[in-house]
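In the order they appear, the protein sequences are chains F and A.
Under this note's numbering, the first residue of the first sequence is numbered 346, with each subsequent residue one higher.
Under this note's numbering, the first residue of the second sequence is numbered 346, with each subsequent residue one higher.
Below is one structure, written out as structure tokens; the observations come after it.
Number of protein chains: 2
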Amino acid sequence: MSTITNKINYQQMDKESRRTGNITLKEVAEAVGVSTMTVSRVINNRPNVDEKTRKKILEAAKKMGYTPNHVAKSLVSSRTYTIGVIIPEISHSFFPEVVRGIEEATNNKNYQIFLTNTSDNFGKEQKVLNALRSKRVDGILVSSSLTTDDFSFYKLIIKSGLPLVFFDRGIEDIGASCIGVNDKTASRQITEHLISHKYKRIGYLSGPKRVSIGKERFNGYIEAMTRHNLEIDERLIIENGFNEKCGYAAMNELLALPKEIWPRAVVAVNDPVAFGAMDAIREAGLSIPNDIAIVGFTDDIRAKLVACPLTTVQQPAYEVGKKAASKLIRTIENKDEPVETVELITKLVIRKSCGC
Amino acid sequence: MSTITNKINYQQMDKESRRTGNITLKEVAEAVGVSTMTVSRVINNRPNVDEKTRKKILEAAKKMGYTPNHVAKSLVSSRTYTIGVIIPEISHSFFPEVVRGIEEATNNKNYQIFLTNTSDNFGKEQKVLNALRSKRVDGILVSSSLTTDDFSFYKLIIKSGLPLVFFDRGIEDIGASCIGVNDKTASRQITEHLISHKYKRIGYLSGPKRVSIGKERFNGYIEAMTRHNLEIDERLIIENGFNEKCGYAAMNELLALPKEIWPRAVVAVNDPVAFGAMDAIREAGLSIPNDIAIVGFTDDIRAKLVACPLTTVQQPAYEVGKKAASKLIRTIENKDEPVETVELITKLVIRKSCGC
DNA sequence: TTGTACGCGTTATCAA
DNA sequence: TTGATAACGCGTACAA
């Protein structure tokens, strides 16, 4: 769809249905017998209004049920006090927590958030971004589902000056801030934990490497293997998506290899992928961690509950959301807020699936 | 806070920071050398424009990066294509699923959703409702966290003509539609399942009874007990909130009773409450279901994973969201869409915690 | 202290 | 086929 086409047909509405019944400044003014400006001053708590008129106006406004029209205000001020939030998968428990953090930061500052879940569909992501632009959001928070290599779309938005902050899944070196965690280090550490169990053949279930977390976590794995002089067998590295189904498919790809080259342990790019892989392992009649050990990344709400509790990396989801929103708001309200990449600290959570 | 006071101070912004850089119809018109109306007609795919001018305008618009300003459109049309969604607890896995369903219905129709999580705080709920009204949302979807008995606030909103649909947690007989599940029947059935295990002393961990689900589920429990001539011991009925902590506290209240009157089984108003109660039971050194059996309601993502898998009622969360949003949109777009209460069908999921 | 005039970006309406 | 004008609700700037 084109940026400049307009899907909504306002013609279809007749005068009738448009009547909202909302009271305006003017109506209050007429009721009291003053000008709209005087009412405006009272409503906005501005000085230079006689106490008596102020009282009269407040009374009338309350009685008539006046509510300020932010749409009109926004048109005048070019500020909507609205932020667009785009997440790839609302069912992944990490994201609701992030949203909770975002809310925490935005509500204090009286911003409202437009939430959209793209279900990892980049087409939808673009469509929504355009809608948000038309709605004139003050800024955008996005965890991108990069199923394409074409960043020009984001470049355009950023160049247009619309404040944008990535969280979790960002695009690097594109001129926007990104709030994430120390993916590479954490990924290296959890791989090293596996190595400390004396496993040699360690596979990797990767996410798309063009997304920040996909790349960083993969690099952490590679670094660990290299540091410990372990062979990196390309056949044991499967790239797929970030959800359970993808993990299931990826693991089955590994299990389709000749048994002699099977990995003894597997690092998954995140917990949902690990859960999917665990299903595949179990279905193959194998045991975790005795036949194949596995670790994840996220500390999903289910990680400690699954049959063989998952060793994983705990991410401060709430903090990520809160920090990202704060950063965005600062970028909105402050002309020269710098672009920065923030890495929050994670924590290794050792359970059973690694063999401990 | 008052309905008519205005928190945002637009004065603080200077001209500079207000400049958005967005292209307007007028600018495109000037570039091409036509009137704004002609450009408007082209952008909105309206007839009566010469093919040549249409082409020229589309080209210019694209080159200049024109994006329609929905704020201005909304001011004219009194329609924002925006819906407010209020949920009490985003961390409860039921709600993200509902939101996914809402999205499904709204995105097809080109509505955007304002999401707010009230953390079960009715004060915040009211504050947000006012903000949404000021933003002139076309309608509101709410699962209310009724920590008060004062419905006048909602009555006012509904009377004002702003379309509003409750989902899951609604207020009855107040003139708004409500999309939920067959709470009473399901609650009766799951209680009867417990009764089929020959338990006599069955307690109930209730939510607030003034909320639809609180009342209905409680009534289902009572009905089951009555039908089977079992004694309803008031001491075994604890009313508290809907989350894990509340369940934990409520169960401990039961366990503080003399041992002779302890319940042999417990019905929880929802899964989070059941999880909290399970923690309390375990901490008391008791075993589930041998010492105390327990059942829930929701089929939370964790229900099948906990130490003793939870017998519960599966709710079609996604469907609830989708139906509620569709109903709201119909109410918005159709003057005489009737008010209705819809009950979706649930499914009993038998696992271990009931004693099976 | 209060009011008037104008503009924000768009569209409906009517005239050319 | 095109354009001029008014209106949506509000706030700034300035005048009274």
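Even glycine gets a Cβ: it sits at the ideal position worked out from N, Cα and C.
Using the three-state DSSP reduction, which class does residue i fall into: helix, strand or coil?
i	result
F/CYS591	helix
A/GLY548	strand
A/HIS415	helix
F/THR686	strand
F/GLU372	helix
A/VAL611	strand
A/ILE432	strand
A/GLN356	Bear in mind that a pLDDT of 33 at A/GLN356, under 50, signals an unreliable position, so the number given afterwards is only what the model happens to contain. Helix.
F/ILE677	helix
A/LYS697	coil
F/ASN389	coil
A/ASN367	coil
A/HIS538	helix
A/ILE349	Residue placement at A/ILE349 is poorly supported in this model, since its pLDDT is 37, which falls under 50; the coordinates still yield a value, given next. Residue state, collapsed to three classes: coil.
F/SER490	coil
F/GLU605	helix
F/LYS480	coil
F/ARG514	coil
F/LYS704	Here chain F has residues from 346 to 701 only, and residue 704 of chain F is not among them.
F/LEU599	helix
F/GLU579	helix
F/ILE519	coil
With respect to the beta strand (DSSP E) encompassing residue i, which residues constitute its N-terminal and C-terminal limits?
i	result
A/SER522	522-526
F/LYS692	692-694
A/GLY484	484-487
F/VAL379	Here F/VAL379 belongs to no beta strand (DSSP E), and DSSP marks it neither H nor E.
Compare the C-alpha of residue i against each of the options and name the closest.
i	options	result
F/GLU561	F/ASP513, F/PRO433, F/CYS699, F/ASP465	F/ASP513
A/THR686	A/LYS668, A/LEU507, A/LYS680, A/ILE695	A/LYS668
F/PRO617	F/PHE439, F/ALA417, F/LEU599	F/PHE439
F/ILE582	F/GLU589, F/ASN597, F/HIS573, F/LYS590	F/ASN597
F/LEU602	F/LEU509, F/LYS672, F/ASP578	F/ASP578
F/LEU673	F/VAL430, F/PHE467, F/SER464, F/LEU460	F/VAL430
A/SER541	A/ASN574, A/ASN564, A/VAL394	A/ASN574
A/GLU470	A/GLU396, A/ASP495, A/ILE677	A/ASP495
F/THR536	F/GLY525, F/THR451, F/TYR549	F/TYR549
A/TYR456	F/LYS371, F/VAL473, F/ILE637, F/ALA450	F/VAL473
F/ARG479	A/ASN527, A/GLY410, A/LYS400	Per the sequence presented here, residue 479 of chain F reads as Ser, with Arg not at that position. Here the closest residue by C-alpha is A/GLY410.
F/SER551	F/ALA595, F/ILE519, F/LYS529, F/VAL526	F/ALA595
F/PHE642	F/LYS692, F/ASN635, F/LEU599, F/LEU650	F/LYS692
F/LEU482	A/THR412, A/HIS538, A/GLU449, A/THR530	In the sequence on display, residue 482 of chain F carries Val and not Leu. It is A/THR412 whose Cα lies nearest to the Cα of F/VAL482.
A/LEU501	A/ASN475, A/ALA417, A/CYS523	A/ASN475
F/ALA531	F/VAL694, F/ASN367, F/SER497, F/SER698	F/VAL694
A/ARG445	F/ILE435, F/PRO441, F/ILE690	F/ILE435
A/CYS699	A/LYS649, A/SER522, A/ARG572, A/TYR663	A/LYS649
F/LYS554	F/GLY565, F/ARG546, F/ILE637, F/TYR544	F/GLY565
A/PRO683	A/ILE558, A/CYS523, A/LYS590, A/LEU477	A/CYS523
A/LEU655	A/TYR663, A/ILE646, A/GLY525, A/PRO661	A/ILE646
Looking at the secondary structure, which residues open and close the alpha helix (DSSP H) in which residue i lies?
i	result
F/ILE503	497-504
A/ILE558	557-572
F/LEU403	396-409
F/GLU628	616-628
Tell me, please, which residues DSSP counts as bridged to residue i.
i	result
A/THR427	A/GLN457
F/GLU584	F/SER551
A/LEU509	A/ILE485
Give the list of continuous beta strand (DSSP E) stretches no shorter than 3 residues that lie fully inside the segment 438-473 of chain F.
If only uninterrupted beta strand (DSSP E) runs of at least 3 residues are considered, those enclosed by the segment 438-473 of chain F are 457-462.
Unbroken stretches of the alpha helix (DSSP H), 4 residues or longer, contained in the segment 632-673 of chain F:
none
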